[in-house]
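Data block below; observations after.
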Amino acid sequence: MEHKFYSNYTINYISTSGWKGTNYPSPVEGDVILPRSSSTYIVVQWDPYWQFGYTTSGTTGQWNVWIVTNPSGKNPSVTPNPSPNLGSSYAGLDGIGTGAFQPSPGDYICITVTYNPSTNALSGVAYDMNTGQSASFTQNLNGYYTPPGSGTYVFGVCAATGTGGAYANWGHCLR
């Protein structure tokens with residue numbers, strides 16, 4: 019199977035670094051790019067800083083799930099707002115899931131995210147291929163996201179080196 023990456027840096031976007039210091043949409047998020055889109059889209063982030071570097075009431079795991087609307091590429095909104103598990107001042111589903119682990123340098127992490135439009139369910143697992151540890155989530159998006167109709171869809175995969183006190187040297191291994 020051949021994989022191709024297309025980018026010419028022409029898609030307008032904003033990143034969450036502009037919200038730094040506000041804890042919006044999540045107190046743990048890294049720097050996430052939110053591209054312009056005429057359609058609402060889902061952002062899924064596994065952040066190993068959750069539960070080890072930061073935890074708060076209402077969090078159970080290491081995953082953030084946001085429903086994003088950003089038609090201009092400059093002024094995104096994140097829902098659900100307020101966050102159902104963190105309350106006001108936050109948006110999205112933050113620190114959700116079960117299991118938590120801290121990867122070590124050189125570990126290979128396999129991340130799988132699956133969306134089923136028939137059930138409007140989203141699930142993910144981050145699996146440390148060196149230690150066997152994992153962190154996962156399953157989230158029904160009813161009330162938050164309307165499944166799209168049939169058509170062609172675009173997806174993106176990103177890895178960030180992190181910000182603040184929690185960072186790593188990430189890379190992609192696609193298969």
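The numbering of the sequence shown is this note's numbering, which starts it at 19 and goes up by one. Where is the CB? At the ideal position from N, CA and C, for every residue including glycine.
Assigned with DSSP and collapsed to three states, Ser35 falls in helix.
In this structure Asn99 does not touch Pro53 by the C-beta definition: roughly 19 Å separates them, more than the 8 Å allowed. With a cutoff of 8 Å on beta-carbon distance, Ala153 and Gly79 are scored as near each other.
Between Asp65 and Gly48, the gap from beta carbon to beta carbon is short of 8 Å. With 16 or more neighbouring CB atoms inside 10 Å of its own CB, Phe119 falls in the buried class.
Looking at the DSSP output, Asp112 shares a beta bridge with Asn82.
Here DSSP, grouped into helix, strand and coil, assigns Gly169 to coil. Residues Asn148 of the same chain have their beta carbon placed closer than 8 Å to that of Gly124, with the five preceding and five following residues left out of the count. Asp146: member of the beta strand (DSSP E) spanning 139 to 146, first to last residue. Bridge partners of Ala153 according to DSSP: Ala144. A distance below 8 Å between beta-carbons, with the five flanking residues on each side excluded, links Ile129 to the following residues of its chain, in chain order: Trp64, Gly142, Val143, Ala144, Tyr145. When beta bridges are read from the DSSP output, Gln63 appears opposite Asn82. Measuring C-alpha to C-alpha distances from Thr132 to each of Ser122, Leu159, Ser95, Tyr126 identifies Leu159 as the nearest.
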